[in-house]
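Everything on this sheet refers to the single structure shown next.
In the working numbering, the protein residues as written are 1 to 301.
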């Protein structure tokens, strides 16, 4: 009886092992290219392109870059050399969570910190990215960055780096930070904004941004006629400030007038650099439809 049970136990262990192997084989992860995809020597756009996958190519997936699974290690067609593709450029079959995380420093010949170092700050588009004429969604789209397109970032919109000014041979304009992969230190970029008159990039000490839709008035008073409206995120030039600092005289592309200072992103230092402007005694004829807007409760008129 003991002899029979021993062989039965061995038989069960063998079957279990074979089932695990077959299950692992059935669970192999593959990647299919749905368009031409660059294959790189490491998990990042700073690595060399070592080949391409054609549309419809199916390749085995060998591992991933991290628990975030942004890049996949694959076996190249024909040569079966290992390369890397961005996860969003392929469709996968099988569970990515079970893939091993590849340690590049021990498993690759190149240190990723030494591969193709770039001068300055570079960006790479996650997908198709809108490029705008100014740092905000209210600015018109002037071009697009296609998927994996690279460009150099030369400026940022503010110290939070919400928008980056990028350039390459085909495009020049502003992209939202969250739409691109950034390589390099954006803290090294100058803070610049488009000049309201010329469109040139200038330091923000001479430019400010509207935090709301802002009504411009003929005098520094909420009860004075409206001379125009500045949309949210519009960049304007502050020409003058009222003696008490609560009102700014600003100029935009199509309008100018007085607006409440707190409706703009402006620092005390910037405010101190703006020349004081005398309050007009005569009311100029507004060039937009005049309306009367009462001051918010508790605010100066």
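Glycine included, every Cβ here is placed at the ideal spot set by N, Cα and C. Computed from a prediction, not measured in an experiment: that's the story for all the values here.
Please work out which residues of its chain come closer than 6 Å, Cβ to Cβ, to residue i, disregarding the five sequence neighbours upstream and downstream, and give them in chain order.
i           : result
residue 135 : 157, 163, 174
residue 149 : 125
residue 166 : 123, 151, 153, 175
residue 95  : none
Do residue j and residue i count as a contact pair if the criterion is CB distance below 7 Å?
i           : j           : result
residue 140 : residue 84  : no
residue 171 : residue 131 : yes
residue 234 : residue 259 : no
residue 257 : residue 227 : yes
residue 77  : residue 48  : no
residue 207 : residue 193 : yes
residue 236 : residue 255 : no
Where DSSP assigns a beta bridge to residue i, which residues make up the other side?
i           : result
residue 72  : 64, 85
residue 264 : 210
residue 40  : 49, 84
residue 95  : Beta-bridge pairing links residue 95 to no other residue.
residue 248 : 241, 259
residue 30  : 60, 93
Ignore the nearest five residues each way along the sequence and tell me which others in residue i's own chain have a CB closer than 8 Å to its CB.
i           : result
residue 73  : 43, 61, 62, 63, 64, 65, 82, 83, 84, 102
residue 185 : 121
residue 92  : 29, 30, 31, 32, 61, 72
residue 276 : 240, 241, 242, 243
residue 201 : 155, 165, 192, 193, 194, 195
residue 263 : 210, 211, 212, 214
Compare the Cα-Cα distances from residue i to each of the options and report the closest residue.
i           : options            : result
residue 215 : 207, 247, 276, 184 : 247
residue 212 : 222, 261, 232      : 232
residue 128 : 176, 245, 165      : 176
residue 68  : 87, 56, 236, 41    : 87
residue 249 : 243, 239, 255      : 239
residue 178 : 217, 189, 194, 161 : 161
residue 75  : 53, 275, 218       : 53
residue 187 : 99, 181, 202, 155  : 155
residue 181 : 146, 218, 138      : 146
residue 230 : 217, 168, 273, 271 : 217
Excluding five sequence neighbours on each side, which residues of the same chain lie with their C-beta closer than 7 Å to the C-beta of residue i?
i           : result
residue 220 : 242, 247, 258, 279
residue 26  : Interpretation of residue 26 is limited by its pLDDT of 41, a score under 50 that renders its predicted location unreliable; the figure taken from the coordinates is listed afterwards. Hits under 7 Å: none found.
residue 38  : 49, 52, 148
Inset, instruction - Counting only runs of 4+ residues fully inside the segment 153-230, write out the alpha helix (DSSP H) ranges in chain order. - result: List check, alpha helix (DSSP H) in window: nothing returned.
Legend entry - 4-residue-minimum alpha helix (DSSP H) runs that sit fully inside the segment 128-153, ordered along the chain: Segments of the alpha helix (DSSP H) lying fully in the segment 128-153: there are none.
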